[in-house]
Amino acid sequence: KIFIVGLSAILVVNADITDVCSSYQYDSCAYPSLHLASHVGNINECKTLCDDWSKSSDAKGGVCRFFTYDADPFTDENCKIYFSDWETFLNGCNLHGSPVQHDGSCIVSDVQCDLDDMPGCDSCMACGNSFCNGIVRSECTAAQPEETTDAPNEYFCEAFCRMLIYEGIAYYTYKVEEQTCACYKEMERDCRKMIVQQGYDPSIC
């Protein structure tokens, strides 16, 4: 299950494949120029704004590529629309968080997975095929990690935490600039913000 900060309470959601695949975390991001900031009643209204701006461009031909929704009830402009490239934005974030397994099933962000490359896993879920592939969490807090290590890159961090699946490790975070890796037994985290690529529906995740 994943803990998501709602407007007035924390919602507990059972972790099926859609929930697991929307548990990726990106923080300490360099946000591009903001096109529109507005107050909306819920995340679906924010999605509608992005969808509208994906159909009609501005004077420079820009269209909505992704939006952020802040669940803090005290945030005025809780919906923000961006015209910049999704992958470029994510690659510019300093902290990357990813699930590695859930109930014995390995989890990868690709569209397919090979169990021969993942010892300790009975099955595998490929989040690249999920309806939630374009939805990530941000401004999250979590329990203390079980293991930490220096890591030259994210691939090393992921491999290190996967080796600890037998000990119950389920999630990792990697800080790019610091080159540090943390492994967690709990996938659960409190997240204030959702970042959604245009075309994806957060209501099913």
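Sequential numbering of the sequence shown, starting at 388, is according to our numbering.
For every residue, glycine included, the Cβ atom is placed at its ideal position computed from N, Cα and C.
- The stretch 409 to 417 makes contact with the stretch 573 to 582, as at least three CB pairs between them are under 8 Å.
- A direct Cα-to-Cα measurement between G428 and N540 gives close to 39 Å.
- Contact annotation: C508 and G484 have beta-carbon atoms that are not nearer than 8 Å.
- Your pair K467 and D588 does not check out as a contact, with CB atoms roughly 18 Å apart and the cut at 8 Å.
- Within the DSSP secondary-structure output, A424 pairs in a beta bridge with K467.
- F476 and I591 do not touch by the CB rule: their CB atoms are close to 22 Å apart, not below 8 Å.
- CA-CA distance, T560 to T455, rounds to 21 Å.
- Secondary structure at L551: coil, using DSSP grouped into helix, strand and coil.
- The beta carbon of V450 sits closer than 7 Å to the beta carbons of W440, S441, S444 and F470 from its chain, once the five residues preceding and following it are set aside; these are given in chain order.
- In the DSSP annotation of this structure, the continuous segment of the beta strand (DSSP E) that includes E526 starts and ends at I522 to T528.
- Put simply, the stretch 546 to 565 touches the stretch 527 to 536. At least three CB pairs are less than 8 Å apart.
- In summary, H489 is buried, with 16 or more beta-carbon neighbours lying within 10 Å of its beta-carbon over all protein chains present.
- Here the C-alpha atom of G586 lies approximately 29 Å from the C-alpha atom of S510.
- Straight through space, the alpha carbons of C408 and Q584 are spaced by roughly 14 Å.
- For Q488, DSSP records a beta bridge to C493.
- For I430, the enclosing alpha helix (DSSP H) stretches over residues I430 to K442.
- Assigned with DSSP and collapsed to three states, A458 falls in coil, not helix or strand.
- Spatial neighbours of W473 in its own chain (CB-CB distance under 6 Å, excluding positions within 5 residues in sequence) are listed in chain order as R452, F453 and Q584.
- For E534, the uninterrupted beta strand (DSSP E) run begins and ends at E534 to D537, by DSSP.
- Cβ-Cβ distances below 7 Å link D497 to A513 and G515 in the same chain, with the five nearest sequence neighbours on each side left out; the list follows chain order.
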